[in-house]
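Comments concern the structure below.
Number of protein chains: 2
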Amino acid sequence: MPRTLKLAAAQMGPVHLTSTRTETMDRLLTLLRQASTLGAQLVLFPETALTTFFPRHLITSPDELSNYFDSASTLLTSPNTAPLFNLAKELNIDISIGFAEWDESAAAGSVAGANVKGYNTSVYYSARKGEIVAKYRKVHLPGTVEPFSNPDAVNQLEKRYFAPGNLGFQAFRAPDLVKSVLKKGGHGVEAKEDVKGKGDPILGMMICNDRRWVEGWRCYGLQGVELVLCGYNTAGFAPDLWGTRKPMTPEEAETDAVFHHKLCMQGNSYMNSCFSVSAAKAGMEDGKYDLIGGSCITSPEGHVLAEAKTKGDEIVFAEIDLEDCRQGMEKTFDFGRHRRIEQYGLITTQTGVVEPELLG
Amino acid sequence: MPRTLKLAAAQMGPVHLTSTRTETMDRLLTLLRQASTLGAQLVLFPETALTTFFPRHLITSPDELSNYFDSASTLLTSPNTAPLFNLAKELNIDISIGFAEWDESAAAGSVAGANVKGYNTSVYYSARKGEIVAKYRKVHLPGTVEPFSNPDAVNQLEKRYFAPGNLGFQAFRAPDLVKSVLKKGGHGVEAKEDVKGKGDPILGMMICNDRRWVEGWRCYGLQGVELVLCGYNTAGFAPDLWGTRKPMTPEEAETDAVFHHKLCMQGNSYMNSCFSVSAAKAGMEDGKYDLIGGSCITSPEGHVLAEAKTKGDEIVFAEIDLEDCRQGMEKTFDFGRHRRIEQYGLITTQTGVVEPELLG
């Protein structure tokens with residue numbers, strides 16, 4: 001029995017330091033209405049969808065910084081954010097969206113930077129419940145705490161403003177998003193009786209750089225995830241501060257960044273037998289920072305099913321059947337039969353690289 | 001300072017049940033000589049390169065089964081295997097080759113099948129040392145212990161004949177394979193003094209199905225691996241015993257299998273900042289089992305640098321610079337700065353899938 005889902009990524013063009021919250025909200029609402037005309041049941045918006053990607057900037061004023069953050073507890077009531085959730089409810093569309101989560105207690109976490117104000121967060125809103133049913137805080141924060149001294153550098157100060165996510169990779173069920181129930185079976189075993197509730201899809205959220213880290217994908221895979229959602233802001237080109245990169249034109253660098261993005265989404269979807277959807281904030285932000293597009297939907301076989309054609313506001317849409325996850329889950333990637341956890345110890349006991357001893 | 005390595009995959013066409021060891025050895029020697037004319041310093045041969053891929057067959061006679069196995073301790077002296085290592089020594093080429101390793105004590109391991117005779121193994125032979133300097137035993141054994149009842153099935157009885165590898169993913173140094181030394185540095189830090197011996201490349205071996213499992217790659221990545229070697233025998237098409245696969249022609253299935261192979265090699269190379277080389281046994285074995293080609297060399301940026309054009313005996317060659325690993329290792333994938341092992345617990349504590357609770 002198919003478990004079809006009409007799925008959309010709402011890619012956004014640039015949002016600038018000078019963009020007002022009202023302007024940006026109007027664009028989000030327009031994208032949601034466009035997705036609705038296609039029949040979308042679930043729409044993913046990008047990382048930090050409400051503002052420019054401010055971690056590029058060294059912002060020292062707490063007041064200024066607070067403009068880029070929102071509190072998770074007031075998302076459904078604040079005039080800055082409520083209109084999007086209200087429209088999602090009205091259109092009966094589940095949404096997931098990324099934002100900078102204000103939580104000063106995060107400063108007490110493992111990062112010492114005095115400007116840590118919270119987390120790089122995404123939430124999942126169930127239109128049927130009228131509630132936020134899941135929250136994810138970005139685990140893999142890229143970049144540095146301190147800005148580069150090189151004036152040509154593109155800063156990435158996520159480690160300065162955010163604490164690493166402390167909620168883990170917690171898969172969750174999207175209530176009544178898909179109505180039909182799942183027939184279990186496989187391995188030639190006769191199909192078991194239908195189980196009420198099995199049809200609620202198992203989802204997982206990640207944010208931007210997380211998609212490059214196999215650990216998050218695998219933690220979700222071990223919870224039977226059927227669809228991974230990932231919003232992002234990814235620079236197409238940055239000066240080579242490490243001096244280790246082959247020379248590239250900005251165009252070549254952008255092509256390579258899109259290739260890497262898709263390689264991660266495709267490869268990890270295949271190796272965890274799940275669909276994925278990714279939504280970019282794209283284009284030239286603040287006249288200087290060129291972000292890649294490439295928002296896409298990938299299948300459990302690792303194929304790209306739909307892909308953005310622009311670097312602006314654009315809906316990427318596909319109708320998927322979550323049952324397509326079963327082929328991988330029950331055969332090649334049947335974790336219970338094939339994984340050998342006694343050999344994986346390094347992954348959870350050692351953070352960085354320890355090279356084999358030098359030879360004499 | 002570049003650390004260049006002339007690297008080859010020796011793809012093999014089919015080896016049949018009726019092929020003699022002498023015939024197969026002659027082909028291996030020819031491939032090694034061809035690689036030598038290109039200047040190769042390291043040649044990778046496929047999984048079970050010495051025989052047909054016998055785990056497709058239910059073989060009940062211990063005597064018959066023993067024909068497909070070799071003892072690791074006699075590789076350099078047995079007339080069945082010594083000629084290859086002797087020629088490698090003569091040509092000053094390091095080689096890595098897969099074979100079924102006879103070790104009856106493996107039956108005492110965690111697999112109950114009475115026919116377990118050993119391991120699916122590969123070794124690394126250093127021509128400069130004249131010794132086997134590393135051994136790997138395949139961890140992720142695909143397939144089943146018992147054959148399928150369906151006569152159309154393509155059996156994959158690796159779990160019957162082999163115990164899961166018990167040597168872990170142990171990276172190792174290839175003695176004097178690359179002469180120059182590595183200048184450490186990066187992150188804008190001034191380059192440290194050259195360190196004697198740093199230039200010996202860090203390698204890791206995996207076998208066939210292992211390449212689909214991110215855990216092995218990451219264990220190697222955590223040891224600073226610069227090159228992963230992977231021999232394989234991969235069916236292009238098999239009947240859909242699970243009833244979960246979309247209908248495909250054999251041609252479509254083969255295209256998809258090659259796509260998945262390359263996706264794993266490219267994605268995992270990128271996400272671990274290492275090169276990889278893979279060598280297939282390809283073509284129609286025993287008139288019935290059609291194996292994919294697709295032997296390739298991939299870069300730390302996830303690009304395919306060289307790729308087989310045939311499904312027969314063929315050398316795939318590239319000259320690589322191991323210093324190209326540094327870009328990823330020191331920036332995007334600087335594990336020590338970015339990994340968050342406190343969030344990865346499921347990977348080593350839970351083998352199979354545990355789904356989130358059903359919603360009421």
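Respectively, the protein sequence lines represent chains A and B. Just so it is clear: in the first sequence, position 7 is 7 by the UniProt record's numbering, and no numbers are missing. Just so it is clear: in the second sequence, position 282 is 282 by the UniProt record's numbering, and no numbers are missing. Just so you know, even glycine gets a beta-carbon here, dropped at the ideal spot from N, CA and C.
Query: Once you ignore the five residues that flank Asp63 of chain B on each side, which residues in its own chain have a CB closer than 8 Å to its CB?; Result: none
Query: Scan the region 276-358 of chain A and note each continuous beta strand (DSSP E) run of 3 residues or more that stays entirely inside, going in chain order.; Result: 283-285, 289-291, 296-298, 304-307 and 314-321
Query: Is there at least one Cβ from chain A nearer than 8 Å to Leu359 of chain B's Cβ?; Result: yes
Query: Verify the CB distance criterion: does Pro142 of chain B have a CB-CB separation below 8 Å to chain A?; Result: yes
Query: Ignore the nearest five residues each way along the sequence and tell me which others in Gln343 of chain B's own chain have a CB closer than 6 Å to its CB.; Result: none
Query: Report the three-state DSSP secondary structure of Cys230 of chain A (helix, strand or coil).; Result: strand
Query: Does the contact criterion of 3 or more C-beta pairs under 8 Å hold for the region 320-335 of chain B versus the region 200-208 of chain A?; Result: no
Query: Output, in sequence order along the chain, the residues in the region 320-337 of chain B whose CB is closer than 7 Å to any CB in chain A.; Result: Arg326, Gln327, Glu330, Lys331, Thr332, Phe335 and Gly336
Query: Of all Cβ atoms in chain A, is any one closer than 8 Å to the Cβ of Pro14 of chain B?; Result: no
Query: Are the CB atoms of Ile97 of chain B and Val139 of chain B within a distance shorter than 8 Å?; Result: no
Query: Would Leu291 of chain B and Asn233 of chain B qualify as a contact pair, given that the criterion is a beta-carbon distance under 8 Å?; Result: yes
Query: Keeping to the same chain, check which residues put their C-beta closer than 7 Å to that of Leu28 of chain B; ignore five residues upstream and five downstream.; Result: Phe45, Ala49 and Leu84
Query: Shortest alpha-carbon distance to Ala35 of chain A belongs to which of A:Ile347, A:Gln11 and A:Leu227?; Result: A:Gln11
Query: Show which residues of chain B have a CB atom less than 7 Å away from the CB atom of His260 of chain A.; Result: Tyr270 and Gly302
Query: Using the beta-carbon of each residue, which ones in chain A are nearer than 9 Å to Phe172 of chain B?; Result: Pro356
Query: When the cut-off is 8 Å and only beta carbons count, does Pro175 of chain B lie next to chain A?; Result: yes
Query: Leu141 of chain A and Phe317 of chain A look like a contact to me (Cβ under 8 Å); what is the Cβ gap, rounded to whole Å?; Result: Their Cβ separation, rounded to whole angstroms, is 31 Å, which puts Leu141 of chain A and Phe317 of chain A out of contact at 8 Å.
Query: Got a sec? Which residues, its chain only, sit under 6 Å from Trp217 of chain B by beta carbon, not counting five neighbours each side?; Result: Asn268 and Asn272
Query: To the nearest angstrom, how far is the alpha carbon of Glu355 of chain A from that of Tyr220 of chain B?; Result: 10 Å
Query: Taking a Cβ distance cut-off of 7 Å, strictly less, list which residues of the region 147-169 of chain B are near chain A, in chain order.; Result: Pro164, Gly168 and Phe169
Query: Strictly under 8 Å for the Cβ-Cβ distance: is Leu17 of chain A near chain B by that measure?; Result: no
Query: So is Arg137 of chain A in contact with chain B if we call contact Cβ pairs under 8 Å?; Result: no
Query: Applying the 10 Å Cβ sphere with the 16-neighbour rule, what's the burial state of Gly287 of chain A?; Result: exposed
Query: Say whether chain A places a C-beta atom closer than 8 Å to the C-beta of Asp210 of chain B.; Result: no
Query: Among A:Gln350, A:Ile95 and A:Arg339, whose alpha-carbon lies nearest the alpha-carbon of Arg339 of chain B?; Result: A:Gln350
Query: Where Asn341 of chain B and Ile347 of chain A are concerned, what is the direct C-alpha to C-alpha distance, given to the nearest angstrom?; Result: One detail in the question is off: residue 341 of chain B reads as Ile in this sequence, not Asn. For Ile341 of chain B and Ile347 of chain A, the distance between alpha carbons rounds to 7 Å.
Query: Do you know offhand how far residue 361 of chain A's Cα is from Pro164 of chain B's?; Result: Here chain A comprises residues numbered 1 to 360, so residue 361 of chain A is not present and cannot be evaluated.
Query: Lys6 of chain A to Glu323 of chain B, Cα distance in whole Å?; Result: 45 Å
Query: Let's see if you can read the secondary structure: which residues bound the alpha helix (DSSP H) around Thr121 of chain B?; Result: First-last for Thr121 of chain B: Gly118 to Ser126, but that is the beta strand (DSSP E), not the alpha helix (DSSP H).
Query: Of all Cβ atoms in chain B, is any one closer than 8 Å to the Cβ of Cys264 of chain A?; Result: yes
Query: Could you work out which residues of chain B lie near Thr52 of chain A, taking near to mean beta carbons separated by less than 9 Å?; Result: Near Thr52 of chain A there are no residues of chain B at all, since even the closest Cβ is about 22 Å away, more than 9 Å.
Query: Determine, for Leu182 of chain A, whether the minimum Cβ-Cβ distance to residues of chain B falls below 8 Å.; Result: At Leu182 of chain A, the pLDDT of 47 sits below 50, so the modelled position is not reliable and the matter cannot be decided from this model.
Query: Name the residues in the region 212-241 of chain B whose C-beta lies less than 7 Å from a C-beta of chain A; which are they?; Result: Arg212, Val214, Glu215, Arg218, Cys219, Leu222, Gln223, Gly224 and Leu241
Query: Considering Cα atoms alone, identify which of B:Thr20, B:Cys325 and B:Leu358 is closest to Gly224 of chain B.; Result: B:Cys325
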